[in-house]
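**Q** I'd like to ask you about the structure that follows.
2 protein chains.
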Amino acid sequence: MKTATLKLFVETVRSGGFTAAAARQQIDPSSVSRQIAALEKDLGVRLFERSTRRFQPTEAGLLYYEFVAPLIEELDEAANRILDLRANPSGTVRVSTSVAFGVACIAPLLGTFCARYPDLNIDLRLDDQPVDFVHEKIDIAIRLGPAPGGDFVRARLFPVRHHVCASAEFLERQQRVEHPTALAKLNCVRFPFKGFNTQWHFRRGREKEIIVPITGKLIISNAIALKSTVLQGVGPGLLADWMIKKELEEGSLVDLFPDYQVTATDFETAAWLLYASRNYLPLKVRLTIEFLNEQLAKFT
Amino acid sequence: MKTATLKLFVETVRSGGFTAAAARQQIDPSSVSRQIAALEKDLGVRLFERSTRRFQPTEAGLLYYEFVAPLIEELDEAANRILDLRANPSGTVRVSTSVAFGVACIAPLLGTFCARYPDLNIDLRLDDQPVDFVHEKIDIAIRLGPAPGGDFVRARLFPVRHHVCASAEFLERQQRVEHPTALAKLNCVRFPFKGFNTQWHFRRGREKEIIVPITGKLIISNAIALKSTVLQGVGPGLLADWMIKKELEEGSLVDLFPDYQVTATDFETAAWLLYASRNYLPLKVRLTIEFLNEQLAKFT
DNA sequence: TTAATGCTTGTGATAAATGCTATTAATACC
DNA sequence: GGTATTAATAGCATTTATCACAAGCATTAA
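Protein sequences, first through last, are from chains A and B.
Counting with the numbering used here, you get residues 59 to 358 for the letters of the first sequence.
Counting with the numbering used here, you get residues 59 to 358 for the letters of the second sequence.
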């Protein structure tokens, strides 16, 4: 009996089928079928009630799952604790974040990371869709926005502020935009996400919040691409500070309302570092968290 | 990584060497060497510090052992709980007792047992030497004598009384043995165990205990063989009631002092059923305990 | 220095696991 | 009720792992 088979069994219960489990583990479905059959033979019990269209664990299968699932996790944990004893931290850490943030802020750090931890591998998964941390075996995620819920540890990396920016070139063509309400008449570039494409909120000092309805010809789901169109002078866009630092300094982008706080969702957005809430974190994960915290603190 | 390899690792830590572990698991030492080497490669750490004359787990090995040992036990437990769900109890139960008791009292029950539980196998280990329950993986032991100590559950099956017996034929040749003290001058058959071969203790009602020094030409370690010599008329012997019931009834053996309680060790001896003190006992073990309790209660 | 012990490695035969492909079976949809 | 679809499984060929025996090698006790 192999631990890989037990993992596969657990995965099969969670996936609800041999084919799905096979896909997750990147092996042939027939192999799953055979391994589970072997396990059933060992235990002398059928673990799944299966036909082509129905698939469910038997009572015995469910019971076995309840016992085995935590055990193989602990087995992994034991192996990780042993790895932690090694002279050099080693292994692979899977990090998930959005495409834009990954490209703009994480990728530039990886050279330093590799130099510091030569035996540590990073598997960087950039995805703008919601990700299932558990199934995808994500060790660390960085998410931007309001404080996320869920059962994991949240560490606030730095606050994220948004700015309405336009290219210098655009502003030359355009008469001066004196007040946020003027945006309603401009061709703004928008995100397709909830809030972003309907109205932007402005706040200055103790003044009353201003809500401006936004329209425009372009809706772009990727922040890098969105910034690109703003740079081309298509129109103003709402961009996060971490992705426009350089452009503001060199003057290719201009913050239209530097006195205002602006947001399309919530004024209290930040970059959050998330990881599983466990009593034991492998050293490789702890070190990576530490590294990201340290490097990204520079954005504050 | 196979669970068998992990078991082997645990066994190796306990045995203190590859060769010893190999002997316990009945496999080739080279196989142990290779499997542990593979495990070390997986973990990226050396688990044992080994030279030809020194063998000890490394720090990592010991740590891994602490984690893994309970886990593989729980894995076994999980499998057993699944087996318990089967329609018929199945598996193998390992029972240990002394040679004489096994032959006289347990073996005769096994026909009934097999009929009642057709899928249950008994592995009956008869041994007069002390046995390491844990290492020998004994599920149930029956021990005769004073209440045994140790970390397991004790169930008292029935009291054991000893009787000084001689064959009918011997008594014909011999003048009547009126009083226990007369034994000191007879050729008694003795056990080699502590107490048995030096003196026997007699007690009647509230009278003062009589201690009689015993001598004789024969010392025999096996109770069945000892009974055989008594039956041949060699001389009197101290025999437990459970092994002479039939002979007393048919008159081939005679209890010389039916009024006395006799012992070579302790008046409070009994037959004890012992099993591991765990929160979970496999069904097969529970049923066998139940069976033995039920069947052996008839001796009371 | 020698003998003995016990881990390790080599080797050829045997057994097992895997992926691909084909088959079979069950069910949903027309 | 027939048919298309989907998922499990069986066959087969290939690769991979395992095993037992033998030989090697290092270490230590006498």
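Using N, Cα and C, we set each Cβ at its ideal position, and we do this for glycine too.
Measuring alpha carbon to alpha carbon, tell me which of B:Ser286, B:Glu132 and B:Gly291 ends up nearest tyrosine 338 of chain B.
**A** It is B:Glu132.
**Q** Between isoleucine 347 of chain A and glutamate 98 of chain A, what straight-line distance do the alpha-carbon atoms span, to the nearest angstrom?
**A** Answer to the nearest angstrom: the Cα atoms are 41 Å apart.
**Q** The region 99-125 of chain B: which residues have C-beta closer than 8 Å to a C-beta of chain A, in chain order?
**A** Of all residues in the region 99-125 of chain B, Asp100, Leu101, Gly102, Val103, Glu117, Ala118, Leu121, Tyr122 and Phe125 have a Cβ within less than 8 Å of some Cβ in chain A.
**Q** Under a three-way DSSP split, which group does arginine 72 of chain A fall into?
**A** The answer is helix: DSSP assigns arginine 72 of chain A an H, G or I state.
**Q** Please work out which residues of its chain come closer than 8 Å, Cβ to Cβ, to glutamate 227 of chain B, disregarding the five sequence neighbours upstream and downstream, and give them in chain order.
**A** Result list for glutamate 227 of chain B: Gly291, in chain order.
**Q** So who's on the other strand from valine 320 of chain B, going by DSSP bridges?
**A** According to DSSP, valine 320 of chain B bridges with B:His220 and B:Phe260.
**Q** For the pair the region 303-313 of chain A and the region 234-247 of chain A, tell me if three or more CB-CB distances fall below 8 Å.
**A** They do not touch, by the three-pair rule.
**Q** If we count the other Cβ atoms within 10 Å of its Cβ and call it buried at 16 or more, is cysteine 163 of chain B buried or exposed?
**A** With 16 or more other Cβ atoms within 10 Å, it is buried.
**Q** Name the residues in the region 127-146 of chain A whose C-beta lies less than 8 Å from a C-beta of chain B; which are they?
**A** Result list: Leu129, Glu132, Leu133, Glu135, Ala136, Ala137, Arg139, Ile140, Leu141, Leu143 and Arg144.
**Q** Going by the beta-carbon positions, is the gap between leucine 284 of chain A and arginine 201 of chain A smaller than 9 Å?
**A** No.
**Q** Do you know offhand how far leucine 66 of chain A's Cα is from threonine 116 of chain B's?
**A** Those two C-alpha atoms are separated by around 31 Å.
**Q** According to the Cβ coordinates, are asparagine 146 of chain B and leucine 178 of chain B closer than 9 Å?
**A** Yes, the pair counts as a contact, with Cβ atoms nearer than the cut-off.
**Q** Quick one: what's asparagine 179 of chain B bridged to in DSSP?
**A** In the DSSP output, where bridge partners are listed per residue, asparagine 179 of chain B has B:Thr150.
**Q** Restricting to runs no shorter than 3 residues, where is the beta strand (DSSP E) found entirely within the region 262-313 of chain A?
**A** Counting only runs of 3 or more, we get 268-271, 295-298 and 311-313.
**Q** Using a Cβ-Cβ distance under 9 Å, would serine 148 of chain B count as near chain A?
**A** Output row for serine 148 of chain B: interface = yes.
**Q** Contact criterion: CB-CB distance below 9 Å. Does threonine 61 of chain B meet it with respect to chain A?
**A** Judged by the 9 Å Cβ criterion, threonine 61 of chain B is in contact with chain A.
**Q** With 16 other CB atoms within 10 Å as the buried threshold, where does proline 340 of chain A fall?
**A** Buried: at least 16 other Cβ atoms inside 10 Å.
**Q** Cα-Cα, which of B:Pro206, B:Leu229 and B:Arg262 is closest to threonine 327 of chain B?
**A** Ranking B:Pro206, B:Leu229 and B:Arg262 by Cα distance to threonine 327 of chain B puts B:Pro206 first.
**Q** Is it a yes or a no for the region 80-100 of chain A touching the region 84-91 of chain B, going by three-plus beta-carbon pairs under 8 Å?
**A** No contact exists between the region 80-100 of chain A and the region 84-91 of chain B.
**Q** Just checking: is the beta-carbon of leucine 276 of chain B within a distance shorter than 9 Å of some beta-carbon in chain A?
**A** Leucine 276 of chain B does not count as touching chain A.
**Q** What number of angstroms, rounded off, separates the C-alpha of alanine 118 of chain B from the C-alpha of alanine 127 of chain B?
**A** About 14 Å.
**Q** If you run the structure through DSSP and keep just helix, strand and coil, what is glutamate 107 of chain A?
**A** Glutamate 107 of chain A: strand per DSSP, three-state reduction.
**Q** Would the region 136-146 of chain A count as touching the region 318-327 of chain A if we require 3 or more Cβ pairs under 8 Å?
**A** The region 136-146 of chain A, when compared against the region 318-327 of chain A, does not touch it at the 8 Å Cβ threshold.
**Q** Within the same chain, show all residues whose beta-carbon is closer than 6 Å to that of leucine 354 of chain A, passing over the 5 residues directly before and after it, in chain order.
**A** Only Leu215 meet the Cβ criterion.
**Q** If we count the other Cβ atoms within 10 Å of its Cβ and call it buried at 16 or more, is histidine 220 of chain B buried or exposed?
**A** So histidine 220 of chain B counts as buried.
**Q** State the Cα-Cα distance for the pair histidine 193 of chain B and arginine 82 of chain B, rounded to the nearest angstrom.
**A** One C-alpha to the other measures close to 9 Å.
**Q** Mapping the DSSP letters down to three states, classify tyrosine 28 of chain A as helix, strand or coil.
**A** Outside the displayed span of chain A (59 to 358) sits residue 28 of chain A, for which this structure offers no information.
**Q** Indicate the three-state DSSP secondary structure (helix, strand or coil) for threonine 155 of chain A in the structure shown.
**A** Looking at threonine 155 of chain A - three-state DSSP - the assignment turns out to be strand.
**Q** To the nearest angstrom, how far is it from the Cα of alanine 281 of chain A to the Cα of threonine 77 of chain A?
**A** If I take the Cα positions, the gap works out to 36 Å.
**Q** Is it right to say glutamate 107 of chain B is buried, meaning 16 or more other beta carbons lie within 10 angstroms of its own, or is it exposed?
**A** Looking at its Cβ environment, which holds fewer than 16 other Cβ atoms inside 10 Å, glutamate 107 of chain B is exposed.
**Q** Considering only their Cβ atoms, is the gap separating alanine 136 of chain B from leucine 350 of chain A smaller than 9 Å?
**A** Not in contact: leucine 350 of chain A and alanine 136 of chain B (Cβ atoms no closer than 9 Å).
**Q** What did DSSP end up calling leucine 332 of chain A once you bin it into helix, strand or coil?
**A** Three-state DSSP puts leucine 332 of chain A in a strand.
**Q** Taking C-alpha atoms, which residue in A:Ile198, A:Gly160 and A:Gln114 lies nearest to valine 211 of chain A?
**A** Answer by Cα proximity: A:Ile198.
**Q** Under the DSSP definition of a beta bridge, which residues are partnered with phenylalanine 359 of chain A?
**A** Residue 359 of chain A is absent from the model: chain A starts at 59 and stops at 358.
**Q** To the nearest angstrom, report how far apart proline 294 of chain A and leucine 121 of chain A are at their CA atoms.
**A** Each residue's alpha carbon lies about 58 Å from the other.
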